[in-house]
Amino acid sequence: MFAEKLGKQLGHPTRSVAGWLVSKLLTVGNRALEESVVQISGIQPEDTVLELGHGPGLGLQSAAKLLTAPTGHLIGLDYSAYMHQMASELMKELVASGKVTLHHCDVAAMPLVDSTVDRVFHCNCYYFWPDLKKGATEIHRVMKPGGLMVTGMKLSSVAAFAAKRVMPGENWRPDAYMTALSDSGFTDVRMEDKQHKHITFQAIYATASK
Ligand SMILES: C[S@@+](CC[C@H](N)C(=O)[O-])C[C@H]1O[C@@H](n2cnc3c(N)ncnc32)[C@H](O)[C@@H]1O
């Protein structure tokens with residue numbers, strides 16, 4: 001019962017006591033993962049970068065620091081209204097200046113123009129997508145030819161554990177997501193074990209071939 005409630009909140013935090021606790025859990029538990037995934041994404045100062053399922057916004061903060069060229073632009077999206085508001089508050093100055101744009105939407109239907117994003121990253125997120133192919137196809141659509149997507153995860157994390165309990169099927173499995181990426185036009189899809197900032201995690205890399 002408690003595990004199911006926690007799992008639902010990790011997949012879609014709402015403004016509630018449980019959602020607040022989850023936001024604290026993500027902030028404390030995933031900072032190093034978010035920062036590490038930003039570091040391994042190869043972000044260039046002039047890139048357009050997209051984070052999916054940003055949660056409280058720690059990865060957004062980290063990525064924004066790398067986009068030092070005037071054309072560098074950061075986009076974030078999350079379908080939790082609570083997480084969208086929390087990240088909007090955290091990033092308010094950069095949102096006001098136009099450097100950062102945040103969308104409250106589903107990965108499966110992004111309000112972004114085709115072939116406009118250089119790098120996509122996300123952490124502990126795909127486990128909660130009901131249709132991996134739909135998500136992967138949408139990511140591929142918005143990416144520029146040759147763009148890189150990096151997914152960071154800790155398969156031993158509370159989020160992965162929770163997703164196994166609340167999501168039907170085997171969508172939490174990395175091979176299920178990697179198959180969806182390959183079927184959606186990504187190439188060089190591979191998973192690596194990483195050690196960075198004193199943590200161990202897995203990273204899936206995929207190149208948007210077009
Ligand atoms: C477990 S949390 C991870 C948050 C953050 N990336 C981290 O690692 O701390 C998953 C996040 O992905 C978001 N999310 C899950 N499925 C989504 C979807 N289909 N579209 C947009 N956001 C989604 C949730 O609302 C939540 O904020």
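Just so we're aligned, residue 1 is where the sequence shown starts under UniProt numbering, counting upward by one. Ideal Cβ placement from N, Cα and C applies to all residues, glycine included. Here the structure is a predicted model, which is why all the values come from computation and not from measurement.
Remark: the C-beta of A159 is in contact range of ligand 1, defined as less than 6 Å to any heavy atom. Bounds of the beta strand (DSSP E) holding I199 are I199 to A208. Bounds of the alpha helix (DSSP H) holding D183 are P174 to D183. With a threshold of 6 Å, the Cβ atom of W129 counts as near ligand 1, since some heavy atom of the ligand is closer than that. Within the same chain, Cβ atoms closer than 8 Å to the Cβ of V22 are found at L6, Q9, L10 and P13, the five residues on either side in sequence being excluded.
In this structure, the alpha-carbon of G53 lies about 14 Å from that of A136.
Judged by the Cβ position, G98 fails to qualify as a neighbour of ligand 1 at the 6 Å threshold, every heavy atom of the ligand being at least this far. Ligand 1 has a heavy atom closer than 6 Å to the beta-carbon of N124. Residue burial annotation: A87 is buried, with at least 16 other C-beta atoms found within 10 angstroms of its C-beta.
Per the coordinates, the alpha-carbon of Y126 lies some 8 Å from the alpha-carbon of N171. Note on geometry: alpha-carbon atoms of D193 and L74 lie some 26 Å from one another.
Collapsing the DSSP output to three states places H54 in coil. Measuring C-alpha to C-alpha distances from V28 to each of G55, H103 and D78 identifies G55 as the nearest.
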